[in-house]
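Trainee:
Residue numbers (the numbering used here): 61 to 355.
1) At what residues does the alpha helix (DSSP H) containing residue 282 begin and finish?
2) According to DSSP, is residue 202 part of a helix, a strand, or is it coil?
3) With a CB to CB cut of under 8 Å and the five nearest residues on each side skipped, what residues in its chain are close to residue 342?
4) Rounded to whole angstroms, what's the CA-CA distance from residue 282 to residue 264? Just pull it up for me.
5) Taking the continuous alpha helix (DSSP H) assigned at residue 165, which residues delimit it?
6) Do residue 230 and residue 92 have their C-beta atoms within less than 8 Å of each other?
7) If the criterion is Cβ atoms closer than 8 Å, does the pair residue 237 and residue 152 meet it?
8) Measuring CB atoms only, is the segment 90-109 touching the segment 241-251, in the sense that at least three cross pairs come out at less than 8 Å?
9) For residue 61, which three-state DSSP category applies?
10) Which two residues bound the contiguous alpha helix (DSSP H) that contains residue 152?
11) Is the CB-CB distance between residue 258 and residue 241 below 8 Å?
12) May I have the straight-line CA-CA distance separating residue 203 from residue 103, to the nearest angstrom?
13) Hey, quick one: how far does the alpha helix (DSSP H) through residue 261 stretch, first residue to last?
14) Which whole-angstrom value describes the C-beta separation of residue 128 and residue 164, a residue pair presumed to lie in contact below a C-beta threshold of 8 Å?
15) How many Å lie between residue 131 and residue 331 at the Cα?
16) Just to confirm, is the Cβ distance from residue 167 to residue 123 under 8 Å?
17) Going by alpha carbons, who is nearest to residue 239 out of 119, 82 and 271?
18) Can you find the residues in the same chain that come closer than 6 Å, C-beta to C-beta, to residue 64, ignoring five residues on each side of it along the sequence?
19) My guess is that residue 162 and residue 126 are in contact by the Cβ rule of under 8 Å, so how many angstroms apart are they, rounded?
20) Near residue 273, which residues of its chain fall below 7 Å by C-beta distance, leaving aside the five closest residues on each side in sequence?
21) Mind checking which residues open and close the alpha helix (DSSP H) that includes residue 77?
22) What residues in its chain sit with their C-beta under 8 Å from that of residue 75, if we drop five residues either side in the sequence?
23) Going residue by residue through the segment 163-195, where are the continuous alpha helix (DSSP H) segments of at least 4 residues, counting only ones entirely within it?
Below, the structure written as structure tokens:
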């Protein structure tokens with residue numbers, strides 16, 4: 061059992077801290093200083109006509125896709141608590157912005173697990189499908205529930221950089237760092253716990269490594285993919301069996317990620333059931349697309 065705890069600790073230390081902590085501190089600082097409308101000003105002219113949503117929501121989409129899980133749920137809940145977005149807008153963002161980030165995907169998944177696959181194809185599967193799913197929801201399910209953005213409402217004065225004193229910035233930075241450390245520490249605790257829980261299915265399924273691997277990825281995705289790499293190197297998994305289970309696992313994120321999302325939703329009236337439903341739908345769409353693309 062000790063080695064499973066060590067696996068979770070190493071995965072957190074090597075992958076999550078360098079990939080997520082800087083972005084957690086950065087997003088906390090931006091929100092503390094109320095700069096979310098200003099910081100992504102260059103992308104607004106491109107995304108606003110497509111999504112037709114308010115700029116705070118575009119900020120959440122950009123952070124969610126660029127920084128990866130759990131930043132999509134974190135920023136969405138932060139904006140909702142600030143009353144910058146409504147409940148329906150927050151629920152909409154949760155439906156498609158909380159995915160594995162490009163840093164982890166491009167640095168580990170693509171070169172290690174899927175090196176022979178076309179990079180544009182993989183990028184579309186991992187990021188394009190959720191983005192188009194979000195667009196579909198915007199104009200169907202959430203169409204009447206979200207007000208259309210009106211760019212003319214945002215004046216120059218609103219987008220100007222606020223006047224900040226050094227003391228205000230220092231307090232905001234200190235709070236951003238402390239909050240980020242608390243969040244990344246909590247994430248590490250979840251990863252260690254759920255990797256320890258992997259010991260039970262592995263003990264029961266000693267002679268069925270693929271079933272044990274499935275349980276591992278269902279419980280904690282990062283450690284599960286690390287085990288997937290080991291089985292691939294030992295020849296227990298063929299090259300043709302990689303793409304579908306890896307991408308399906310990345311879509312679902314695992315129970316560890318689910319409980320981390322529940323943590324961010326604590327104190328809000330946002331529905332975790334709707335979040336889970338959209339995760340299952342996205343996974344089904346991805347599996348169907350991959351199945352049809354292979355045929």
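Ideal Cβ placement from N, Cα and C applies to all residues, glycine included.
Computed from a predicted structure; not experimentally measured.
Mentor: This is what the structure gives:
1) 281-293
2) coil
3) 156, 189, 190, 193 and 311
4) 21 Å
5) Taken as a continuous stretch (DSSP letters only), residue 165 belongs to no alpha helix (DSSP H), as it is neither H nor E.
6) no
7) no
8) no
9) coil
10) 147-154
11) no
12) 22 Å
13) 259-264
14) 6 Å
15) 17 Å
16) no
17) 82
18) 255, 256, 258 and 259
19) 7 Å
20) 284, 287, 288 and 291
21) 77-92
22) 164, 168 and 282
23) 179-183
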